[in-house]
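Structure first, commentary second.
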Amino acid sequence: MITIKNLQRKWKEFNLKDINLTIEKGEYFVILGPTAAGKTLLLELIAGFYIPDAGEIWIHGDNVTTVTPEDREVGFVYQDYALFPHFTVKENIEYGLKIKKIPKDKINKESQAMMDLLGITYLRNRYPTTLSGGEKQKTAIGRSLMLNPHILLLDEPLSALDARTKAGLQDELKKIHNESDITIIHVTHDQTEAMIMADRIGIMMRGEIVQTGTTLEIFNTPKNRMIADFVGTENVLEGHISKKIDGLAIVDIGSSEIFAISDLETGSKVHAFIRPEDIIISKELQETSARNNLETKIKKIIHLGAIVRIELDNGLVAFTTKQSAEELELNIDEHIYVSFKTTAVHIVRR
Amino acid sequence: MITIKNLQRKWKEFNLKDINLTIEKGEYFVILGPTAAGKTLLLELIAGFYIPDAGEIWIHGDNVTTVTPEDREVGFVYQDYALFPHFTVKENIEYGLKIKKIPKDKINKESQAMMDLLGITYLRNRYPTTLSGGEKQKTAIGRSLMLNPHILLLDEPLSALDARTKAGLQDELKKIHNESDITIIHVTHDQTEAMIMADRIGIMMRGEIVQTGTTLEIFNTPKNRMIADFVGTENVLEGHISKKIDGLAIVDIGSSEIFAISDLETGSKVHAFIRPEDIIISKELQETSARNNLETKIKKIIHLGAIVRIELDNGLVAFTTKQSAEELELNIDEHIYVSFKTTAVHIVRR
Amino acid sequence: MYLKTIENVMKKLKKDRFLLFFLFSGFFLVAFVFVTLGDMFYRQIGDIPALISAAKDSTILTAIWISISAASVSALIAFIFGVPLAYILARKDFAFKSVIEGIIDIPIMIPHVVAGIALYGVFMRSGIIGAPFGKIGVVFVDAFPGIVAAMLFMSLPYLVDTAREGFKTVDPRLENVSRSLGASQWTTFRRITFPLALPSIFNGCILCWARGVSEFSAVLIIAYFPKSAPVMIYDLFTMYGLTSSRPASILLVSICLVIFIILRASKHGERR
Amino acid sequence: MYLKTIENVMKKLKKDRFLLFFLFSGFFLVAFVFVTLGDMFYRQIGDIPALISAAKDSTILTAIWISISAASVSALIAFIFGVPLAYILARKDFAFKSVIEGIIDIPIMIPHVVAGIALYGVFMRSGIIGAPFGKIGVVFVDAFPGIVAAMLFMSLPYLVDTAREGFKTVDPRLENVSRSLGASQWTTFRRITFPLALPSIFNGCILCWARGVSEFSAVLIIAYFPKSAPVMIYDLFTMYGLTSSRPASILLVSICLVIFIILRASKHGERR
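Chains as they are written, first to last, in this note's numbering: chain C, 1488 to 1837; chain G, 1488 to 1837; chain L, 496 to 767; chain F, 496 to 767.
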């Protein structure tokens, strides 16, 4: 278990303020945040490359706040791989064991096994400059795993890779994680990557961890507008709770009223979030279980390959598949109905 | 109209080989290709920053191949904006008119109108280093539009911007394009951006324009596997045409046969492309208009926000909305049926 | 307060023997330079009257003035011809470019006395440059133009190299954009490239000037007269010894330092 | 073939008056350096016997040997103490860092003669450094150690600056990764940082060595004897004139050039 208590550190333009975080042993934890949020600095503090200005870091019950990096048994993989350019792939992978003065034949055997596992044996005598991005990243991951660290820290490990290589390495990382009890902390700015990889996600913005939770918690119930904006919640409505009936809140958003579930009291000023994929479009008013039914016009139809993005006159955005869009024969300026469930509306105080 | 004939140019590691391209007047043309395809170099040749090794460039009926950039009346916007750091926003925007020695009060009026149009008047006295990415890009676009160029060349204009700013600038560019008869050539590596912006798309790879066409043509009927891979066609099957009945081709893909429409003769070795959003998933074999029905198992379900990606045991990938996935109650290892229309299969010779 | 800081530094260092060892090694060179110059100034403080009388001595002041004015002329010539060369070296690729760059850097690498011998060879009355100039009445050997020529030769690489690096930091795409906005190559240079490279060019001029003032060997050979400051200091040393040459040395260093500071300040003032 | 190339260049230039003008200006400085040195070599070719007899003259050879060996010793000292200093300056931030960097660069900016005066002041028998060394029998004035001290003083900034820039190009994240793989700070320096900065450090050593060989002014003041090559060349010039000093000059430049080429080649050979 990794526990971070009230961690503070200033470094160049970055400023970590009072970070508190607990990551369970064996967890795949993703720190998701925009660039310059201080994500890398947080990882580097966990690895011990810097000493915090204040606060503590505990790993598996030990306070390691001032322990040097070489004594933390933490693997680290940087975004641009940070391979040693004067060593071959094999020499890079064996570096940690050579430092430990392990016998040569044992090193040989272990590095061979690692290269086989990652499928990079054929690259063993190549120098890093001659490798592709994916090959470099596999080497970097292999190098960091050779000492069987308790914790693997990944700093945007897939950001510089093309889509196909990325998918392959995602599988590889998942496999490594599943087949050992290693704790992985993976930093990224890519929401999709976070959704694919994470057991749990921590949202980091401007030097703070602003929300932690499972993937669904984060994406369906962002804690505030800033997080909602960042994780890509498209529909953000502003209003106030005008009435409450049987636990159901009626939110006045000016042009109309919507039904939602909320514990907040009447009169609260709120933001209402609705994910575009939760909005159903139909040509006629339908009898459905959805409580919210609004009439509006289509303003714009944008084909995005698999999905179609429909921008509506009342400011909402809906996603639908190409199939349904074709079946419905939607046209710009056409009058349509949108409906969404009360449970699809996520209310936060503003 | 811009006509490029047999254009060749080597520069550093880039090598443009025999580029032929015709872009209509007033068109919004997107050049889409991976990094290092030579896209920027092509734009720079059109702008006249380099002289081609061979070939010709014609703009509106004139051969401009050796005309200097200052006499081409072509606007250019670089990815990282290339604002003059020692000038304010206003001075940047007025630069072209000052060079032309236009009277001061006229310059003032025109730059004011441009800044108003782009909504950056409040930035007039700021220096570029103090601006955000979006503000810089607006300034760069404004600067390039001040001389009313016939042609506007945009080099990855939105790549460095965050999602929200990007969307705003996409609208802005579309508006500028719609309200004038300017020809825009827009270079990008982002498929979604190309789909949103383009009247027509040219795919550029390794120094060659490999396919041109409308958005639908490019994404639904990529000319070869390399293009399909790049534009994100997920399902690529390998097989040969085993039979032809009434213009319908039966493609033997080893494990099974699929129906498709193709002019190729029996025996041809082919690739079959099927877009994931064209594959319909159901729990029972249904009577549909789709000719292709296959039974398979679900291997993996990945939630990607609006859409759910379903990886199947037979290697195919299907996309569906969160709604339908929930309604179908799909589970891993479950037996299901996939169906897709004959018209959804795109056949190319391999 | 001060002791506290030292204490904290010491605490940190104890943790970090590696850094301590490196600091200790590095300290040696810093101390060497500091002690050598500090000693000179410190000893002079014990004899302020000698410094004052040197500052009133017209032969010393004339020598310093000759050094400063000759260095200024040579820096100006280097600027006029060096800036275009630096621009070409930064922007264009051509055959033998590295040869040109090598030739420009020779004066840095060659022993100064050898440079002086070579300069004497071409600038003497019968020399390949001295002869034609002699016909129009310009004499180099033991004359002001000779001092300028020697200084120019020894110091021009500093200007060209610094200005070239300055031009390289100006993004060529700014020039491209400027031209697409209707500006010719010359206008682009004048309005975009030169202003953006100016801080580096200015630095190059300062370096070039300082190298000119400090030049001794080549000047000694080509123009012992009129006596420039370093020659004068050397003369004082050989004829009257250390105590006589020290005040003039300190005077020269101090005047150069003041000019430096004024130039730097004016440069910072000019920047936004 | 050759004419054709010139013709093509001319055609391009006509299109491009801007470039033509700049080339013309830049040509002046290149020609200045080239003619000055070319003339020296060209004239010597007319008198090969003098060159041969100089190459056989044991006093000349001894002087060159003194220069080369003293420069080597001074470069070695600069290496030992300068590399740790350069590493600290590249990696660590601390109070007064820019002061330290300024002190290290003083020898470049200060007039060489003034540096010589200052060095004489501390290394003479009664000097702050000369006195304690005198007690253990090491004399600097008019002795080999004095030559080394003068060379070290004048050349150390070149090594420190170049090595520092070399260390700066080594990504600190490589050091981070190395430490996360169990290597101590010292092991990381030895196995990662130093090998990667080595080409720059090597360049710094060459620069430092070359600056040492070429030093004249400070050596002249602190150690006229034993005569190092530049002092010997100057003596020959003042006593016997240009034609007598030229062969020794060319010999010194040539020997330095050969050493250069050998060092560069060995460095390239060592790289993959």
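Note that beta-carbon positions come from the ideal geometry of N, C-alpha and C, so glycine has one too.
| query | Along the region 1805-1818 of chain C, what residues have a CB closer than 9 Å to any CB found in chain G? | reply | 1806, 1807, 1808, 1809, 1810, 1811
- Message: Taking the straight line between their C-alpha atoms, what separation do you get for residue 566 of chain F and residue 1553 of chain G?
- Response: 56 Å
Give the DSSP-derived three-state secondary structure of residue 1729 of chain C in the structure shown.
strand
- Task: State the start and end residues of the unbroken beta strand (DSSP E) segment that holds residue 1547 of chain G.
- Result: Here residue 1547 of chain G belongs to no beta strand (DSSP E), and DSSP marks it neither H nor E.
Among residues of its own chain, excluding the 5 on either side of residue 616 of chain L, which ones have a beta-carbon nearer than 7 Å to its beta-carbon?
622
| By Cβ distance below 8 Å, which residues in the same chain neighbour residue 1569 of chain C in space, the five residues on each side in sequence not counted? | 1627
| In terms of residue numbering, what span does the beta strand (DSSP E) encompassing residue 1566 of chain C cover? | That residue, residue 1566 of chain C, is in no beta strand (DSSP E); it is neither H nor E in DSSP.
With a Cβ-Cβ cutoff of 8 Å, do residue 665 of chain L and residue 581 of chain L count as a contact?
no
Closer than 7 Å, Cβ to any Cβ of chain C: which residues of the region 688-701 of chain F, in chain order?
-> 690, 691
* Asked: Below 8 Å, can you find three or more Cβ-Cβ pairs linking the region 707-720 of chain L to the region 599-612 of chain L?
  -> yes
message: Between residue 470 of chain F and chain L, is the shortest Cβ-Cβ distance under 8 Å, so that the two count as touching?
response: Here chain F covers residues 496 to 767 and nothing more, so residue 470 of chain F does not appear.
Note to self: Determine, for residue 585 of chain L, whether the minimum Cβ-Cβ distance to residues of chain G falls below 8 Å.
What the structure shows: no
What residue range is occupied by the uninterrupted beta strand (DSSP E) comprising residue 607 of chain F?
-> Here residue 607 of chain F belongs to no beta strand (DSSP E); instead the alpha helix (DSSP H) covers 607-618.
Check this for me: beta carbons of residue 1734 of chain C and residue 1516 of chain C, under 8 Å apart or not? no
Since residue 682 of chain L is in the beta strand (DSSP E), which residue starts that stretch and which ends it?
Here residue 682 of chain L belongs to no beta strand (DSSP E); instead the alpha helix (DSSP H) covers 680-683.
Residue 1781 of chain C versus residue 1826 of chain C: straight-line alpha-carbon distance, rounded
6 Å
### Query
Would you report the Cα separation of residue 760 of chain L and residue 1702 of chain C, rounded to the nearest angstrom?
57 Å
task: Name the one or two DSSP bridge partners that residue 1692 of chain G has.
output: G:1695
*Since residue 1501 of chain C contacts residue 1528 of chain C with CB under 8 Å, what's their CB separation in whole angstroms?*
5 Å
- Message: Counting only beta-carbon separations shorter than 8 Å, does residue 1842 of chain G have a partner in chain L?
- Response: Residue 1842 of chain G cannot be examined here, being either before or after the span of chain G that is shown, 1488 to 1837.
4-residue-minimum alpha helix (DSSP H) runs that sit fully inside the region 1652-1714 of chain G, ordered along the chain: 1678-1684, 1702-1707
Q. For the alpha helix (DSSP H) that contains residue 1597 of chain C, what are its first and last residues?
A. 1591-1605
Point to revise | Close-in-space but distant-in-sequence residues of the same chain around residue 725 of chain F (CB under 6 Å, 5 per side omitted) | key: 711
Please confirm whether any heavy atom of the ligand COA lies closer than 7 Å to the CB of residue 1595 of chain G. Looking for the ligand COA in the displayed structure turns up nothing, as the structure carries no ligands at all.
Worksheet item: Name the DSSP bridge partner or partners of residue 1503 of chain C?
Response: C:1496
| message | Would you call the region 665-678 of chain F in contact with the region 623-637 of chain F, where contact means no fewer than 3 C-beta pairs closer than 8 Å? | response | no
Check: Taking C-alpha atoms, which residue in G:1805, G:1773, G:1794, G:1778 lies nearest to residue 1784 of chain G?
Finding: G:1805
Problem set entry | Where residue 1795 of chain C sits in the DSSP three-state scheme | strand
Open item on the list: Please tell me whether residue 734 of chain F has its Cβ less than 8 Å away from any Cβ of chain L.
Closed with: no
- Query: From C:1617, C:1801, C:1513, pick the residue whose C-alpha is nearest to that of residue 1743 of chain C; which is it?
  - Reply: C:1801
Worksheet entry | Where the alpha helix (DSSP H) through residue 1517 of chain C begins and ends | From DSSP, residue 1517 of chain C is part of no alpha helix (DSSP H) but of the beta strand (DSSP E) over 1515-1519.
Query - residue 1647 of chain C versus residue 670 of chain F - alpha carbon distance - result: 21 Å
Practice problem: Below 7 Å CB to CB, which residues in the same chain sit around residue 1745 of chain G once its five sequence neighbours on both sides are set aside? | Solution: 1738, 1759, 1779, 1832
Own chain residues within Cβ distance below 7 Å of residue 1540 of chain C, not counting five before or after | 1495, 1496, 1497
Q. When DSSP labels each residue in this structure, what does residue 1744 of chain C get in the three-state scheme?
A. strand
| message | Tell me which residues share the same chain as residue 1565 of chain G and place their Cβ nearer than 6 Å to its Cβ, disregarding the 5 neighbours each side in the sequence. | response | 1642
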